[in-house]
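Enquirer: Counting in my numbering, the sequence shown runs from 124 upward without gaps.
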Amino acid sequence: MKNNLFSEFKKTFNKEAGNAYFSPGRVNLIGEHIDYNGGLVMPCAITFGTYVLVALNNEGVFRFRSLNFEEQLDISLQTSYERSGETWFNYPLGVIDYFVKQGNKLQGLDLLFYGNIPIGSGLSSSASIEVVTAYTLNDLFGCGYSKLELVQLSKEVENVFIGVNCGIMDQFAVAFGEKDKALMLNCDTLEYKAVDSNLGDHVLAIINTNKPRKLAESKYNERVQECHAALKALQQELDIQNLCDIDSGTFKQYQHLITDAIVLKRATHVIEENDRVKLAAEALAASNLAEFGRLMYASHDSLKNLYEVSGKELDAVVEYCLTNPNVAGARMTGAGFGGCAIALVKESEFDNFSKAVTAYYTSKIGYAPSVYSSLIGDGVGLLKEAINL
Ligand code: GLA
Numbered sequence: 124m125k126n127n128l129f130s131e132f133k134k135t136f137n138k139e140a141g142n143a144y145f146s147p148g149r150v151n152l153i154g155e156h157i158d159y160n161g162g163l164v165m166p167c168a169i170t171f172g173t174y175v176l177v178a179l180n181n182e183g184v185f186r187f188r189s190l191n192f193e194e195q196l197d198i199s200l201q202t203s204y205e206r207s208g209e210t211w212f213n214y215p216l217g218v219i220d221y222f223v224k225q226g227n228k229l230q231g232l233d234l235l236f237y238g239n240i241p242i243g244s245g246l247s248s249s250a251s252i253e254v255v256t257a258y259t260l261n262d263l264f265g266c267g268y269s270k271l272e273l274v275q276l277s278k279e280v281e282n283v284f285i286g287v288n289c290g291i292m293d294q295f296a297v298a299f300g301e302k303d304k305a306l307m308l309n310c311d312t313l314e315y316k317a318v319d320s321n322l323g324d325h326v327l328a329i330i331n332t333n334k335p336r337k338l339a340e341s342k343y344n345e346r347v348q349e350c351h352a353a354l355k356a357l358q359q360e361l362d363i364q365n366l367c368d369i370d371s372g373t374f375k376q377y378q379h380l381i382t383d384a385i386v387l388k389r390a391t392h393v394i395e396e397n398d399r400v401k402l403a404a405e406a407l408a409a410s411n412l413a414e415f416g417r418l419m420y421a422s423h424d425s426l427k428n429l430y431e432v433s434g435k436e437l438d439a440v441v442e443y444c445l446t447n448p449n450v451a452g453a454r455m456t457g458a459g460f461g462g463c464a465i466a467l468v469k470e471s472e473f474d475n476f477s478k479a480v481t482a483y484y485t486s487k488i489g490y491a492p493s494v495y496s497s498l499i500g501d502g503v504g505l506l507k508e509a510i511n512l
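Right, here's the structure in full:
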């Protein structure tokens, strides 16, 4: 694919590409809807991701092209940019907007993007394109941001330019991911450890429900608001900054402060899920996949019943997994409302699993899912040194 991308670049811009960069997508093993509540998450980078090939132009113009989408944009160097509609190039444009507003000196660029993350599948195609763009600009123009700053500014772009109040997990995972490692990330302090993914004779399966995620962004922002309301209620008596500052035991003593029944359900999910991540980390370190799997199922159940971000498609996948003894655990991953589930499947049984889950899902939902055996890969980076920059 890499070589093809270089010839595609030549075809598109009639010149050779200089550098090529890649940023992966991510899955989250456990710890869902936790990052914006300051708790613990356990994401991994995957080998699907976003490539960008670039060359400087001397025309003071950014030319955005994609092999995935028809829409394209040519826009001159300005001191700020506006989001335009729902198009894909808002993500790199938002990153450029951030860089110029911070006073970084950029030059015109021809950019060709290609991604193999299924779009809108909950595998963080948006964080991937934001981080790869930020990494590219930083590298080409020597802006001097650390990798953590690139993560933080990419999240800011998603929050402000795009308008989704996401936490930091996705941008962090796609930047700092490591091959065969899961990241234990504290979303409050941003301290993290890359731990062996320790799956033994199991592989990570990704099951894309292929359900388009309509209204996902507004429902996501609604959950963020509900968590703020829960925190505010608890702060009447507790000196805390985040919902995840307390565990389930403490929560039981103070939950009466939350009078709204829906808000109470949301907070219960968050605080119990954060406790599950701690247990999951211990289970992983002890290579106890059965316990890890049990926690995954419990996480899904909570996302379905308390946080209400699952749906019949994701539930159908998990329902099937519960019947298959070769699956250690399964759950939805990412924001929910469609998108992907993950499952830990005995490697030797992966093909049978793939066929059986496809048959079950199709008979229940009416169309097929896509099933992948995922490889846990590295975070963002340069793929190829400059040819003619
Ligand atoms: C999306 C957001 C993340 C995180 C997850 C849910 O992927 O971008 O910040 O909140 O949902 O865990």
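Cβ coordinates follow ideal geometry from the N, Cα and C atoms, glycine included.
Just so we're clear, the structure is a prediction, and the values are computed from it rather than from any experiment.
How many Å lie between serine 486 and tyrosine 495 at the Cα?
Expert: Residue mapping note: residue 486 aligns to position 363 of the sequence shown, counting from 1. Residue mapping note: residue 495 aligns to position 372 of the sequence shown, counting from 1. Cα-Cα distance, rounded: 19 Å.
Enquirer: Is isoleucine 285 helix, strand or coil when you go by DSSP?
Expert: Position 162 of the sequence shown holds residue 285. Residue state, collapsed to three classes: helix.
Enquirer: Could you please go through the chain and list the residues whose beta-carbon is closer than 5 Å to any non-hydrogen atom of ligand 1?
Expert: Answer in sequence order: Glu155, His156, Asp158, Cys289, Gly290, Met292, Asp293, Gly457, Ala458.
Enquirer: In this structure, how does DSSP classify alanine 140 when only helix, strand and coil are distinguished?
Expert: The residue labelled residue 140 in the question sits at position 17 within the sequence shown. In the structure shown, alanine 140 sits in coil (DSSP, three-state: anything other than H, G, I, E or B).
Enquirer: In this structure, how does DSSP classify arginine 336 when only helix, strand and coil are distinguished?
Expert: Along the sequence shown, one-based indexing puts residue 336 at 213. Three-state DSSP puts arginine 336 in coil, outside helix and strand.
Enquirer: What do you get for isoleucine 242, buried or exposed, if any count of 16 or more other CB atoms within 10 angstroms of its CB means buried?
Expert: Within the sequence shown, numbered from 1, the residue matching residue 242 stands at position 119. Answer is exposed; the Cβ neighbour count stays below 16.
Enquirer: Spatial neighbours of alanine 404 within its chain, please: C-beta separation below 6 Å, excluding the five flanking residues on both sides.
Expert: Along the sequence shown, read from residue 1 onward, the residue named residue 404 stands at position 281. So the qualifying residues of the chain are Met307.
Enquirer: Taking the C-alpha atoms as reference points, what is the distance between asparagine 447 and tyrosine 483?
Expert: Walking along the sequence shown from the start, residue 447 turns up at place 324. Walking along the sequence shown from the start, residue 483 turns up at place 360. Cα to Cα, the separation comes out at about 12 Å.
Enquirer: Would you mind giving the Cβ-Cβ distance between alanine 413 and arginine 399, rounded to the nearest angstrom? I have them listed as a contact below 8 Å.
Expert: The residue you call residue 413 lines up with position 290 of the sequence shown. The residue you call residue 399 lines up with position 276 of the sequence shown. Going by Cβ atoms, the distance from alanine 413 to arginine 399 rounds to 15 Å, so no, they are not a contact pair.
Enquirer: In three-state DSSP terms, what is proline 448?
Expert: The count along the sequence shown starts at 1 and reaches residue 448 at position 325. It is coil, neither helix nor strand.
Enquirer: Who are the Cβ neighbours of serine 371 in its own chain at under 7 Å, not counting the five residues just before and after it?
Expert: Taking the sequence shown and counting its residues from 1, one reaches residue 371 at position 248. Only Ile394, Glu395, Asp398 meet the Cβ criterion.
Enquirer: Nearest CA to the CA of alanine 305: which residue from Ile240, Leu429, Ile499?
Expert: To locate residue 305, count along the sequence shown from 1; it is residue 182. Answer by Cα proximity: Ile499.
Enquirer: By Cβ distance below 7 Å, which residues in the same chain neighbour serine 203 in space, the five residues on each side in sequence not counted?
Expert: Position 80 of the sequence shown holds residue 203. Taken in chain order, the residues that qualify are Asp220, Val223, Lys224.
Enquirer: Going by beta carbon distance, what residues of the same chain come within less than 6 Å of asparagine 180, once the five residues before and after it are set aside?
Expert: Taking the sequence shown and counting its residues from 1, the one referred to as residue 180 is at position 57. Only Gly231, Asp233 meet the Cβ criterion.
Enquirer: Is valine 150 helix, strand or coil by DSSP?
Expert: For this step, residue 150 is matched to residue 27 along the sequence shown. Three-state DSSP puts valine 150 in a strand.
Enquirer: How would you call threonine 382, buried or exposed, if buried means at least 16 neighbouring beta carbons within 10 angstroms?
Expert: Here residue 382 corresponds to residue number 259 of the sequence shown, with the count starting at 1. It is exposed - the Cβ of threonine 382 has fewer than 16 other Cβ atoms within 10 Å.
Enquirer: Contact check, valine 297 vs serine 341 under 8 Å by CB: the rounded distance?
Expert: As a working note, residue 297 is residue 174 in the sequence shown. As a working note, residue 341 is residue 218 in the sequence shown. With a Cβ gap of about 24 Å, valine 297 and serine 341 do not count as contacting.
Enquirer: How is proline 492 classed by DSSP in three states: helix, strand or coil?
Expert: Working through the sequence shown from its first residue, we reach residue 492 at position 369. Here proline 492 sits in coil by DSSP.
Enquirer: So serine 199 is in the beta strand (DSSP E); what residue range does that whole segment cover?
Expert: Walking along the sequence shown from the start, residue 199 turns up at place 76. Where serine 199 is concerned, the enclosing beta strand (DSSP E) stretches over 196-199.
Enquirer: Within the continuous alpha helix (DSSP H) that includes asparagine 331, where are the two ends?
Expert: Residue mapping note: residue 331 aligns to position 208 of the sequence shown, counting from 1. Unbroken run through asparagine 331 is the beta strand (DSSP E), 325-331; no alpha helix (DSSP H).
Enquirer: Measure the C-alpha to C-alpha separation of lysine 134 and alanine 143 and round it to an integer number of angstroms.
Expert: What you label residue 134 is simply residue 11 of the sequence shown in a count that begins at 1. What you label residue 143 is simply residue 20 of the sequence shown in a count that begins at 1. C-alpha separation (whole angstroms): 16 Å.
Enquirer: Could you tell me how far apart the beta carbons of asparagine 321 and serine 189 are, in whole angstroms, since I believe they sit closer than 8 Å?
Expert: Position 198 of the sequence shown holds residue 321. Position 66 of the sequence shown holds residue 189. Actually they do not touch by this definition, with Cβ atoms about 37 Å apart.
Enquirer: Assuming contact is defined by CB atoms lying nearer than 7 Å, are proline 147 and glycine 183 in contact in what I supplied?
Expert: For this step, residue 147 is matched to residue 24 along the sequence shown. For this step, residue 183 is matched to residue 60 along the sequence shown. No, the pair does not count as a contact, with Cβ atoms beyond the cut-off.
Enquirer: Please classify leucine 512 as buried or exposed, where buried requires at least 16 other C-beta atoms within 10 Å of its C-beta.
Expert: Here residue 512 corresponds to residue number 389 of the sequence shown, with the count starting at 1. Residue confidence for leucine 512 is low, a pLDDT of 29 falling below 50, so the modelled location carries little weight; the figure read from the coordinates is stated next. Looking at its Cβ environment, which holds fewer than 16 other Cβ atoms inside 10 Å, leucine 512 is exposed.
Enquirer: Less than 8 Å between the CB atoms is what I'm expecting for glutamine 359 and leucine 327, so what's the real figure, rounded?
Expert: Here the question's residue 359 lines up with position 236 in the sequence shown. Here the question's residue 327 lines up with position 204 in the sequence shown. Not a contact, Cβ separation roughly 42 Å.
Enquirer: Following the continuous beta strand (DSSP E) through lysine 304, name the residue where it begins and the one where it ends.
Expert: In the sequence shown, residue 304 corresponds to position 181, counting from 1. Element bounds for lysine 304: 304-309.
Enquirer: Select from Val450, Asn475, Gly265 the residue whose C-alpha is nearest the C-alpha of valine 468.
Expert: In the sequence shown, the residue the question calls residue 468 occupies position 345. Here the closest residue by C-alpha is Val450.
Enquirer: Based on Cα-Cα distance, which residue from Asp501, Gly208, Asn227, Trp211 lies nearest to leucine 200?
Expert: What you label residue 200 is simply residue 77 of the sequence shown in a count that begins at 1. Here the closest residue by C-alpha is Asn227.
Enquirer: To test your reading of the DSSP string, which unbroken alpha helix (DSSP H) runs of 4 or more residues are found completely within the stretch 206-281?
Expert: Fully enclosed alpha helix (DSSP H) runs of 4 or longer: 213-224, 248-264, 270-279.
Enquirer: Using CA coordinates, which residue listed in Arg346, Val318, Lys138 is at the minimum distance from leucine 387?
Expert: Position 264 of the sequence shown, counted from the start, is the residue given in the question as residue 387. Closest by alpha carbon: Arg346.
Enquirer: Could you name the residues of the same chain whose beta carbon sits closer than 6 Å to that of phenylalanine 212, not counting the 5 residues immediately before and after it, in chain order?
Expert: Position 89 of the sequence shown, counted from the start, is the residue given in the question as residue 212. So the list reads Phe187, Leu196, once near-sequence residues are dropped.
Enquirer: Tell me whether the beta-carbon of isoleucine 330 lies closer than 7 Å to the beta-carbon of proline 215.
Expert: Residue numbering aside, residue 330 sits at position 207 when the sequence shown is read from its first letter. Residue numbering aside, residue 215 sits at position 92 when the sequence shown is read from its first letter. No, Cβ-Cβ distance for isoleucine 330 and proline 215 is not below 7 Å.
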